[in-house]
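K.L.:
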Amino acid sequence: MILLLSGEGPTDLGASDAGVFTAGPMTALLLGLLEPLIGYDLETCPDSLEYVHKTVLLEDAEQTKGGSVPRFRGKKAGAETRFFYDNARAFGRLAKRKAEEACDDVIAVFFRDTDGTGRTDPGEWRTKRKSVHDGFNVEGFSSGVPMLPQPKSEAWLLCLFGACPHSSCASLEEELSGNDASPKSAKSQLIALLGEECSGPDLADRVKAALGAIEKLKDMPSFAAFEDDLDGVVQAILRQ
Numbered sequence: 002m003i004l005l006l007s008g009e010g011p012t013d014l015g016a017s018d019a020g021v022f023t024a025g026p027m028t029a030l031l032l033g034l035l036e037p038l039i040g041y042d043l044e045t046c047p048d049s050l051e052y053v054h055k056t057v058l059l060e061d062a063e064q065t066k067g068g069s070v071p072r073f074r075g076k077k078a079g080a081e082t083r084f085f086y087d088n089a090r091a092f093g094r095l096a097k098r099k100a101e102e103a104c105d106d107v108i109a110v111f112f113r114d115t116d117g118t119g120r121t122d123p124g125e126w127r128t129k130r131k132s133v134h135d136g137f138n139v140e141g142f143s144s145g146v147p148m149l150p151q152p153k154s155e156a157w158l159l160c161l162f163g164a165c166p167h168s169s170c171a172s173l174e175e176e177l178s179g180n181d182a183s184p185k186s187a188k189s190q191l192i193a194l195l196g197e198e199c200s201g202p203d204l205a206d207r208v209k210a211a212l213g214a215i216e217k218l219k220d221m222p223s224f225a226a227f228e229d230d231l232d233g234v235v236q237a238i239l240r241q
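According to my numbering, the stretch in the sequence shown is residues 2 to 241, in order.
(1) Could you spell out the range, first to last residue, of the alpha helix (DSSP H) harbouring P222?
(2) Check G8 in the structure and name its three-state DSSP category.
(3) According to DSSP, is Y52 helix, strand or coil?
(4) Taking the C-alpha atoms as reference points, what is the distance between E36 and G213?
(5) Straight-line CA distance for K97 to L4?
(6) Whole angstroms is fine: what's the gap from A19's alpha carbon to D13's?
(7) Here's a check: name, in chain order, each residue in its chain whose Cβ is nearer than 8 Å to the Cβ of E146, leaving out the five neighbours to either side.
(8) Which class does A211 belong to by DSSP, given the choice of helix, strand or coil?
(9) Using the C-alpha atoms, what's the distance from D87 back to D135?
(10) Just verifying my parser: in three-state terms, what is the DSSP assignment at G15?
(11) Leaving aside the five residues before and after G190 along the sequence, list all residues of the same chain whose C-beta is less than 8 Å from its C-beta, in chain order.
(12) Along the beta strand (DSSP E) that carries M148, what are the first and last residues, could you check?
(13) For A205 and L194, what's the separation of their Cα atoms in angstroms?
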C-alpha cells in the first residue's frame with residue numbers, strides 16, 4: 002500500500018526536501034488512524050509514503066481547464082471550490098498513474114484548510130468536500146480521501162491536545178476563525194495552549210503522544226467525515 006499525500010506545508014501533512022519527506026502533525030494523525038485498520042505502521046515503510054507538492058497539482062490542473070465542470074454558486078466561493086475540484090482531478094490522475102507504475106494500491110489524501118467557519122457559512126465546507134470527491138470521481142479514482150479541517154488543522158490539534166477538557170470539541174468548528182489575523186484564529190489559540198509556536202515535526206511528536214485521546218476528535222464533523230472516508234477506502238481495498 003502506498004500513501005500519496007498532498008498538503009499545504011510543514012505544519013499540516015509535512016514537507017519534502019530533496020526527496021526526503023518529513024511528516025507533519027496531520028500525517029501523524031493519519032498514520033495513527035491507519036495502523037489499526039491495516040495492522041502495521043506505514044511510517045516504518047518509508048517507500049510507502051510519498052508527498053506531492055501543491056505546485057505539481059497546480060501545473061497538472063491546467064490540463065482540466067475548459068472542460069465541463071459542476072456549477073458552483075457564488076463568484077468567490079465558486080472560484081475557490083473550482084480550485085479544489087481541479088486540484089483533486091490532477092491528484093486523482095497522478096494517483097492512478099502511481100498505482101499502475103507501482104502495481105500497488107494507492108490511497109491519495111488531499112489536505113487543505115477550508116478557512117471558513119460553520120457559523121459564517123455552514124454550507125461552504127460541505128461544498129468544498131463535495132468538490133474534492135467530484136474531482137476524484139470524474140477521473141475514475143476511487144481511493145481518494147479529502148482531509149478538510151474546519152476551519153484549519155489547528156482546530157483538530159486544539160481538540161486533541163485538550164483545549165475542551167469538559168465539553169465537546171464540535172464548538173471549535175463554530176467559534177474559531179481560519180483567518181490568522183483574527184484574535185480568534187485557530188493558529189493563535191494553538192500557540193497559546195502550547196505556550197510556543199511549534200514546528201511541523203514537533204507537532205507531529207505531540208500528536209503521536211496524544212493519540213490515546215483521538216476519540217475526542219470524532220465530535221468534530223469535519224474530522225468525523227474524514228475518518229469515515231478513510232475507513233471506507235481502506236475497507237474497499239482490503240475486500241479486494
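Here a beta-carbon is modelled for each residue, glycine too, at the ideal position from N, C-alpha and C.
P.N.:
This is what the structure gives:
(1) The continuous alpha helix (DSSP H) containing P222 extends over residues 222 to 239.
(2) DSSP places G8 in coil when its eight states are reduced to three.
(3) Y52 sits in a strand when the DSSP states are folded into three classes.
(4) About 13 Å.
(5) C-alpha separation (whole angstroms): 12 Å.
(6) If you take the alpha carbons of A19 and D13, they lie about 19 Å apart.
(7) Before going further, note that residue 146 is Val rather than Glu in the sequence given. Excluding sequence neighbours, V146 sits near I108, A109, V110, F111, F227, D230, L231, V234.
(8) Secondary structure of A211 (DSSP, three-state): helix.
(9) Each residue's Cα considered, the two are about 10 Å apart.
(10) Here G15 sits in strand by DSSP.
(11) The question names Gly, but residue 190 in the sequence shown is Gln. Around Q190: E155, L159, A164, L177.
(12) Judged by DSSP secondary structure, M148 falls within the beta strand (DSSP E) whose first and last residues are 145 to 148.
(13) Distance between the alpha carbons of A205 and L194 is about 16 Å.
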